[in-house]
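Engineer:
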Amino acid sequence: MSFAHRHLLGIEQLSQSDITAILDLAEKYVELNRQSLKHADELSGLTQINMFFENSTRTQASFELAGKRLGADVMNMAMQASSIKKGETLIDTAMTLNAMHPDLLVVRHPQSGAVDLLAQKVNCAVLNAGDGRHEHPTQALLDALTIRRAKGRLHRLTVAICGDVAHSRVARSNLILLGKMENRIRLIGPPTLVPGHFAEFGAEVYEDMSDGLKDADVVMMLRLQKERMDGGFIPSEREYYHRYGLDAAKLALAKPDAIVMHPGPMNRGVEIDGTLADDINRSVIQEQVEMGVAVRMAAMELLARHHREVAA
Amino acid sequence: MTTTLFTNARLIDPEAGTDSPGWLLARDGVIAARGAKTPPETDGEVIDCGGKCLAPGIVDIGVKVCEPGERHKESYKSAGLAAAAGGVTTIVTRPDTLPVIDTPETLEFVTRRAQADAPVNVLPMAALTKGREGREMTEIGFLMDAGAVAFTDCDHVVSNTKVFSRALTYARSCGALVIAHPQEPGLSQGAAATSGKFATLYGLPAVSPMAERMGLDRDIALLEMTGARYHADQITTARALPALERAKRNGLDITAGTSIHHLTLNELDVADYRTFFKVKPPLRSEGDRQAVIEAVRSGLIDIISSMHTPQDEESKRLPFEEAASGAVALETLLPAALRLYHGEQLDLPTLFRAMSLNPAKRLGLNTGKLAADAPADLVLFDPETPFVLDRFTLQSKSQNTPFDGQRMQGRVLATYVAGAAVYRRN
């Protein structure tokens with residue numbers, strides 16, 4: 001198995017076999033994480049810095065735990081509170097951190113392409129933990145692992161991605177990953193949130209949720225990103241919930257064994273019914289969180305291994 | 001009395017639309033004669049052009065020189081040297097400086113700086129509204145007396161239609177040319193790319209190409225109302241062209257330009273968020289680019305400009321959305337335009353019609369042509385020499401060119417302003 005990438009910046013750069021390699025390794029860590037002694041030493045002695053230029057609790061905690069369980073020294077930097085406020089540029093911040101010789105940089109940034117830019121200026125491995133509306137590769141990988149475990153395969157499935165696709169890096173990364181693995185992808189939402197250009201990527205675009213959910217194997221709900229909206233994409237949350245919120249009645253149109261996913265954090269009663277989200281027979285939302293740690297452990301291990309091979 | 005005879009030249013005449021061998025005689029700074037047969041005897045300097053092209057010097061409307069305010073990005077001296085090295089004999093400068101050139105006093109300052117430092121002709125434009133804020137018109141009459149050749153708020157759209165219609169009406173009474181940026185400002189707010197597959201994949205805030213047509217449609221309606229002299233700085237989309245064509249057919253006093261970047265690059269060139277490719281309006285689809293080339297060929301689009309916009313390294317070393325817009329292009333205008341010649345899309349007389357003759361005509365200048373009594377503003381160039389552009393060899397103080405590292409073909413050998421050499425390639 002070879003994984004020849006310096007960084008994990010997006011799904012776009014990965015091949016089918018890269019994706020499979022990460023998921024296969026992650027399976028091993030799912031087992032480890034379920035034991036009471038969760039320690040491994042694949043990253044022992046390495047330094048991991050989490051740089052989050054945008055608020056995050058879940059993703060940052062997941063990366064932190066992943067690093068610690070593999071024995072890395074992990075440092076969290078809340079970039080909003082630091083030198084960015086003093087006018088330092090992204091590149092200067094990157095160069096400063098680079099001089100401290102980290103081995104893994106986990107970066108989230110509110111602007112598309114910012115993590116790519118940063119990766120050009122540092123020597124260590126960079127993991128994109130979400131850049132603007134562009135990509136969020138580990139989220140797509142953890143979604144893929146969740147689907148593969150629930151459905152027994154990661155190909156020839158009909159996956160409906162619903163909601164705020166326009167502002168979602170999760171949707172973009174999933175669209176690319178699921179496309180590479182040869183699935184049928186449907187995007188559902190009002191045209192203000194699902195621009196027609198997505199049809200050019202081989203996805204089917206549905207404005208009517210009932211049509212889009214028909215016979216779906218996987219229903220992936222997206223968070224309505226209120227903070228990225230500069231006004232006027234939908235008339236109101238209640239109308240949005242009425243037309244595009246997932247509830248039991250709408251879910252009944254999908255296959256009887258369809259699973260429900262959500263990248264979190266959820267807006268209950270806006271894009272998803274609270275009871276449905278908690279229904280352990282349909283919702284795999286908690287599994288997604290669990291797979292997140294395992295997938296991030298796998299991705300970091302593969303990057304560290306590649307760097308060792310290059311150095312050797 | 002100084003005399004220069006250019007022999008053995010390939011004369012590019014945009015007026016006649018010809019590209020033919022011949023000689024040209026310059027005397028006392030103006031073109032005295034030209035011909036195709038045996039050149040006359042002269043006791044002055046004789047320049048053997050070796051069969052290379054001799055064309056009217058380029059007249060570049062919309063050059064940003066960063067004086068006053070940001071001289072570290074570009075000064076009159078550096079811009080003048082860049083222009084000379086690029087075969088540009090007249091630069092028509094933009095008023096989007098710090099502060100804005102919106103009073104006769106600031107205009108006199110830049111005119112003085114230009115005369116002292118620049119080896120090429122410099123003609124300043126002034127703002128149409130004070131501070132380019134779109135609220136009150138500038139002193140158009142005084143500014144014309146001080147030498148302003150056109151009035152523009154550059155990339156700021158005067159969104160208040162009442163203000164714009166009054167400014168157009170007043171400008172018409174002064175005989176002033178107004179240059180506008182056709183764009184619907186609400187639709188294009190915050191955009192860093194053109195909406196489409198590329199912007200969708202890269203997650204960039206984007207504007208529909210329709211915003212350009214909407215801006216142009218509004219301006220055309222105001223021209224029908226006011227009868228003003230109007231030039232659209234950059235038409236870059238196919239959808240805007242039918243409106244332009246109709247406006248011309250209806251006899252409005254309208255011309256249009258486009259930028260060399262929109263003629264030679266498309267949105268996919270941005271690739272992995274390369275900020276040197278961030279321009280305003282954003283690069284368009286290949287379909288739009290082809291339509292704009294065809295419009296230049298047919299003459300519907302009159303003028304090609306460099307839209308030279310120097311930016312320092314810091315303002316470009318940022319995430320794409322935050323990075324500054326604009327590219328330097330005085331020195332790359334001609335080699336980039338020659339891509340269209342080598343690609344057999346536009347011939348040399350057509351290129352020089354759009355780069356030299358038409359801009360001069362629009363500003364009422366007696367240059368941009370190889371006619372007797374016109375100033376001997378000339379560019380001698382070899383259209384064939386291939387080279388790879390190294391941005392650090394540019395004369396500009398800023399080196400933000402999208403053509404860095406790219407193969408180009410065609411170089412300027414010498415540039416003459418009023419018969420005197422202002423640039424000679426070693």
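Protein chains in written order, with full-length UniProt numbering: chain A, 1 to 312; chain P, 1 to 426.
Cβ atoms here follow ideal geometry from the backbone N, Cα and C, with glycine treated the same way.
Do residue 317 of chain A and R6 of chain A have their C-beta atoms within less than 9 Å of each other?
Structural biologist: The structure shown does not extend to residue 317 of chain A, since chain A is modelled only from 1 to 312, so the question has no answer here.
Engineer: Mind pulling the chain P residues with CB within less than 9 Å of E125 of chain A?
Structural biologist: Rather than Glu, the amino acid found at residue 125 of chain A in this sequence is Ala. Neighbours of A125 of chain A on chain P: none; closest Cβ ~18 Å, over 9 Å.
Engineer: Would you report the Cα separation of N128 of chain A and S78 of chain P, rounded to the nearest angstrom?
Structural biologist: 41 Å
Engineer: In the region 293–320 of chain P, which residues sit with their C-beta less than 9 Å from some C-beta in chain A, listed in chain order?
Structural biologist: E314, R317, L318, P319 and F320
Engineer: What runs of the beta strand (DSSP E), each 3 residues or longer, lie entirely inside the region 42–126 of chain A?
Structural biologist: If we require 3 residues or more, the beta strand (DSSP E) runs fully inside the region 42–126 of chain A come out as 47–52, 73–78 and 104–109.
Engineer: Please go through the region 152–184 of chain P and give each complete beta strand (DSSP E) segment of 3 or more residues, from N-terminal end onward.
Structural biologist: Runs found: 177–180.
Engineer: For the 8 Å Cβ check, are there 3 or more pairs between the region 16–28 of chain A and the region 93–103 of chain A?
Structural biologist: As far as the Cβ criterion goes, the region 16–28 of chain A does not touch the region 93–103 of chain A, which means the pair count is below three.
Engineer: Measure the alpha-carbon distance for T194 of chain P versus E139 of chain P and round it to whole angstroms.
Structural biologist: 36 Å
Engineer: What would DSSP say about T90 of chain P, mapped onto helix, strand or coil?
Structural biologist: strand
Engineer: Using a 10 Å radius around the Cβ and a threshold of 16 neighbouring Cβ atoms, would you call V107 of chain A buried or exposed?
Structural biologist: buried
Engineer: Could you say which of P:V328, P:G203, P:L241 and P:A211 lies nearest to I260 of chain P if we only look at CA atoms?
Structural biologist: Closest in C-alpha terms to I260 of chain P, from the list P:V328, P:G203, P:L241 and P:A211, comes P:V328.
Engineer: Quick check on S2 of chain A: does DSSP put it in helix, strand or coil?
Structural biologist: coil
Engineer: With H, G and I counted as helix, E and B as strand and the rest as coil, what does DSSP make of E15 of chain P?
Structural biologist: Judged by DSSP in its simplified three-state form, E15 of chain P adopts coil rather than helix or strand.
Engineer: Would a C-beta distance cut-off of 9 Å place R58 of chain A and P265 of chain A closer than the cut-off?
Structural biologist: yes
Engineer: Name the chain D residues whose beta carbon is nearer than 9 Å to that of S195 of chain P?
Structural biologist: Although the question refers to chain D, the structure presented lacks it and instead comprises the protein chains A and P.
Engineer: Give the residues of chain P in contact with I11 of chain A, contact being defined as C-beta atoms less than 7 Å apart.
Structural biologist: Going along chain P, no residue has its Cβ under 7 Å from I11 of chain A, so there is no contact; the nearest lies around 11 Å.
Engineer: Would you say T59 of chain A lies against chain P (beta-carbon separation less than 9 Å)?
Structural biologist: no
Engineer: Rounded to a whole number of angstroms, what is the C-alpha to C-alpha distance between R25 of chain A and K280 of chain P?
Structural biologist: Inspection of the sequence shows that residue 25 of chain A is occupied by Leu rather than by Arg. Near 46 Å, if we compare the C-alpha coordinates of K280 of chain P and L25 of chain A.
Engineer: Please list the partners that F203 of chain P has in chain A, where partner means a Cβ-to-Cβ separation under 7 Å.
Structural biologist: The sequence given here places Gly at residue 203 of chain P; Phe does not occur at that position. Near G203 of chain P (Cβ distances below 7 Å), the residues of chain A are S112, G132, R133, H134, R169 and R172.
Engineer: Any beta-carbon of chain A closer than 9 Å to the one on T200 of chain P?
Structural biologist: yes
Engineer: Considering just the uninterrupted stretch of the alpha helix (DSSP H) at G215 of chain P, what are its terminal residues?
Structural biologist: M210 to T226
Engineer: Could you give the distance in angstroms between the alpha-carbon of G71 of chain A and the alpha-carbon of G45 of chain A?
Structural biologist: 7 Å
Engineer: So, does the region 22–39 of chain P touch the region 369–386 of chain P, judging by three or more C-beta pairs under 8 Å?
Structural biologist: yes
Engineer: Less than 8 Å separating the Cβ of L142 of chain A from some heavy atom of the ligand FMN?
Structural biologist: Absence of the ligand FMN from the depicted structure is noted, as is the absence of any ligand whatsoever, leaving it without description.
Engineer: Would DSSP call residue 427 of chain P helix, strand or coil?
Structural biologist: Any question about residue 427 of chain P goes unanswered here, given that chain P covers just 1 to 426.
Engineer: Can you give me the C-alpha to C-alpha distance between D131 of chain A and A216 of chain A, rounded to a whole angstrom?
Structural biologist: 29 Å
Engineer: With 16 as the cutoff for other CB atoms within 10 Å, does R246 of chain P come out buried or exposed?
Structural biologist: exposed
Engineer: Which residues in the same chain as A228 of chain P place their Cβ atom closer than 6 Å to its Cβ, once the five residues preceding and following it in sequence are excluded?
Structural biologist: L168, A171, R172 and V178
Engineer: Nearest-angstrom Cα distance between L244 of chain P and L263 of chain P?
Structural biologist: 18 Å
Engineer: Tell me the rounded alpha-carbon separation between A336 of chain P and E70 of chain P.
Structural biologist: 27 Å
Engineer: What does DSSP give as the partner residue(s) for L187 of chain A in the beta ladder?
Structural biologist: A:I161 and A:V205
Engineer: Please tell me whether Y416 of chain P has its Cβ less than 9 Å away from any Cβ of chain A.
Structural biologist: no
Engineer: Would you mind reading off the limits of the alpha helix (DSSP H) that contains F109 of chain P?
Structural biologist: P104 to D117
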